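Accompanying notes for the structure given below.
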Amino acid sequence: MNPLLTRLQPYPFERLRRLFADVTPNPALRPISLGIGEPKHAAPDFLKQALADALGTGLSSYPATAGEPALREACAAWVQRRYGVAVNPATQVLPVNGSREALFAFAQTVIDPNRPGATVVFPNPFYQIYEGAALLGGAEPFYVASDPARNFAAAWDSVPTEVWARTQLLYVCSPGNPAGAVMPLDEWRKLFELSDRHGFVIASDECYSEIYFRDEPPLGGLEAAQALGRADFRNLVSFTSLSKRSNVPGLRSGFVAGDAALIKPFLLYRTYHGGAMSPVVQAASIAAWGDEAHVVDNRRQYREKFAQVTPLLAQVLDVALPDAAFYLWAGVPASFAGAVPGLSADEAFARELLAQYNVTVLPGSYLAREAGGLNPGAGRVRMALVAEPAECLEAAGRITQFLSNRA
Ligand SMILES: Cc1ncc(COP(=O)(O)O)c(C=O)c1O
C-alpha cells in the first residue's frame, strides 16, 4: 500500500460524526443542518434540459481530456465577461470534473517530491483537499493562520523565508472557505512577488466567486495578474466551478485557466489519470457558462437570506456579514471553553446545540490544523446558509434561544 495514505487526516464530517456519536438530538424539534457546504437552491431548468438533450449522442463516444473546443470557448468567453481577461481557449483553459478533483490532481502534476523539503503552503483553516493533495504528492503542508483582525486574511508575512524557498505550490482560496474573505490586489501583488522570487506555482481556488455580498464582484486571480502586468499568468492557475454558481454540485463541472506552461503538463497528467468530462456534462456546462440570469437570481437569494439571518445571529455570536461565499464564520461565547472536559469551545458548542435544539454546525477546529501551538479555527463554528430562508431563520431563532437560556 502507498504509505502516504496513512498520513491523511479524518475528514471534518467524520470527526463530527464521532463528536455526535453519543448525543441524542432533541426529538421535539426537526433536524436542521448548517453543517455541510452543499448548495441547496434549485438547479436551473435550462441546464437540466441541456443535460437531457445531450443524452441522445453524448454517451456513445469517449471524450477528449481537453474537452470540446466549444466548451473551452464558452469558459474563455465567461472569463472575458466576468473578469475582462482574454485567455486562449486552446492553450490556457481546461475543463475539470469539479474543482475538488482538479485541486487535488494539480498538486500531483506540480509537486516534485524528490526535491528536498518539498512544501505546499495554504491558509489555515482550509479546504481539506489541499492538505491531502500535498501529502499524497509527497510534500509537507505548511499552514498559514488566517487573522481575524484583518478580515481573516492569511498571515503570509509570518511564513519564514526558508519555507518559501522550498515551497513548490501555494493554494489560495478567494472568496475563502470558511470566512468568505476576498483577497485584495495588494495581497496578490505580495504573492506574485514571492512566487517570482522562489519559483512556486499558485493554485487559486475561486469556486465561490459568484456568491458575494458587496457591490463589487470578487477580484479573480487572472484579473489580478492582468492588473499587475502579468499577461502570461506565469505560475498561476485559477480553479472555477459550476457547483455553487449554478447550484449543480452533482454535475461535477468546472474549469481551470491560466499559465499555458502549466495547463499543458496538467492535460498530460489528466490524460493518464482519466480526467475527461462526459460529453453530456460538457453540453450542459456550455449552456451554464453562457447564462448569467440564473446566477444573478441565485446571488439575490443568498443576499436576502444573509441579510435576514446575520443580524439575528450577530446579537448572540461574534459574527458579521462576510465578503462572499455562503458561510457564517462565528466566534462562540468564551463560556464554552472548558464547558465539556476534553472538548474545545467550538466542539462543546456544536454538541450542546445539537442535543438541545437539533441544529448541526461544524466546529471550526475541524477545518484547521494546530500549527505553532495554535488552531486558528478553535472557538469558531461554520454555519452554511444553504437551506431555504425559512429554515435558516428557524435555525437562527433556535441558536438565539440556546444562548439566551444559557446566559
Ligand atoms: C473551498 C472549496 N474549494 C473547492 C470545492 C469543491 O467544489 P467542486 O468540486 O464542487 O467544484 C469546495 C466545495 O465545497 C470548497 O469549499
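Residue numbering for the sequence shown follows the numbering used here, starting at 12 and increasing by one per position. Backbone N, C-alpha and C fix where the C-beta goes; we use that ideal spot for every residue, glycine too. Keep in mind the model is a prediction, meaning the values are calculated, not measured.
{"query": "Residue environment, MET12, which counts as buried when at least 16 other CB atoms sit within 10 Å", "result": "exposed"}
{"query": "Buried or exposed (CB count within 10 angstroms, at least 16 for buried), SER249", "result": "buried"}
{"query": "CB contact flag (ARG393, TYR338, <8 angstroms)", "result": "yes"}
{"query": "Segments of 4+ residues assigned as alpha helix (DSSP H) that fall wholly inside the segment 151 to 189", "result": "172 to 177"}
{"query": "Secondary structure of THR251, DSSP reduced to three states", "result": "strand"}
{"query": "Near ligand 1: LEU396 beta-carbon under 7 angstroms from a heavy atom", "result": "no"}
{"query": "Anticipated Cβ contact below 8 angstroms, ALA87 with VAL104, distance rounded", "result": "5 angstroms"}
{"query": "Exposure label - PHE430; buried when at least 16 CB within 10 Å", "result": "No answer is possible for residue 430: it lies beyond the span of the chain, which begins at 12 and ends at 418."}
{"query": "Distance between LEU30 and PRO23 (C-alpha atoms, nearest Å)", "result": "10 angstroms"}
{"query": "Supposed contact pair PHE137 and THR178 - C-beta distance, whole angstroms, cut 8 angstroms", "result": "Rounded, the Cβ-Cβ distance is 15 angstroms, inconsistent with contact."}
{"query": "Euclidean distance between Cα positions of GLY330 and LEU27", "result": "For the record, residue 330 in the displayed sequence is Val; it is not Gly. Roughly 22 angstroms separates the two Cα atoms."}
{"query": "Validate contact between the segment 36 to 50 and the segment 248 to 265 using beta carbons, cut 8 angstroms, 3 pairs", "result": "yes"}
{"query": "Three-state secondary structure (DSSP) of THR282", "result": "helix"}
{"query": "Contact test: CYS184 Cβ vs ligand 1 heavy atom, cutoff 7 angstroms", "result": "yes"}
{"query": "Nearest neighbour of ALA350, chosen from PHE360, SER71, ALA63 [CA to CA]", "result": "PHE360"}
{"query": "Residues of its chain near ASP334, where Cβ-Cβ distance is below 8 angstroms and the 5 sequence neighbours each way are ignored", "result": "ASN162, PRO186, GLY191, ALA192, VAL193, TYR223, PHE224, ARG225, PRO229"}
{"query": "Given PHE133 as reference, the closest of PHE317, LEU202, ALA336 once Cα atoms are compared", "result": "LEU202"}
{"query": "CB-CB length for ILE43 against VAL370, believed under 8 angstroms", "result": "5 angstroms"}
{"query": "Continuous alpha helix (DSSP H) stretch holding PRO400: start and end", "result": "400 to 417"}
{"query": "N-terminal and C-terminal residue of the alpha helix (DSSP H) that VAL306 is part of", "result": "304 to 325"}
{"query": "Near ligand 1: ASN135 beta-carbon under 7 angstroms from a heavy atom", "result": "no"}
{"query": "Spatial distance of VAL397 from VAL96 (CA atoms)", "result": "31 angstroms"}
{"query": "For PRO127 and LEU147, the rounded distance between their alpha carbons", "result": "16 angstroms"}
{"query": "Contact under 8 angstroms by Cβ, GLY78 with PRO106", "result": "yes"}
{"query": "Cβ separation of TRP199 and LEU233, assumed to be a contact under 8 angstroms, to the nearest whole Å", "result": "That belief does not hold up - the Cβ atoms of TRP199 and LEU233 are roughly 10 angstroms apart, past 8 angstroms."}
{"query": "Three CB pairs or more closer than 8 angstroms across the segment 290 to 309 and the segment 377 to 391", "result": "no"}
{"query": "Three-state class that DSSP yields for VAL330 in the structure shown", "result": "coil"}
{"query": "Through-space distance from PRO36 to ALA366, alpha-carbon basis", "result": "4 angstroms"}
{"query": "Neighbourhood of ARG241 by C-beta distance below 8 angstroms, restricted to the same chain and skipping five residues each side", "result": "PHE203, LEU247"}
{"query": "Close-in-space but distant-in-sequence residues of the same chain around ASP158 (CB under 7 angstroms, 5 per side omitted)", "result": "ALA164, ALA166"}
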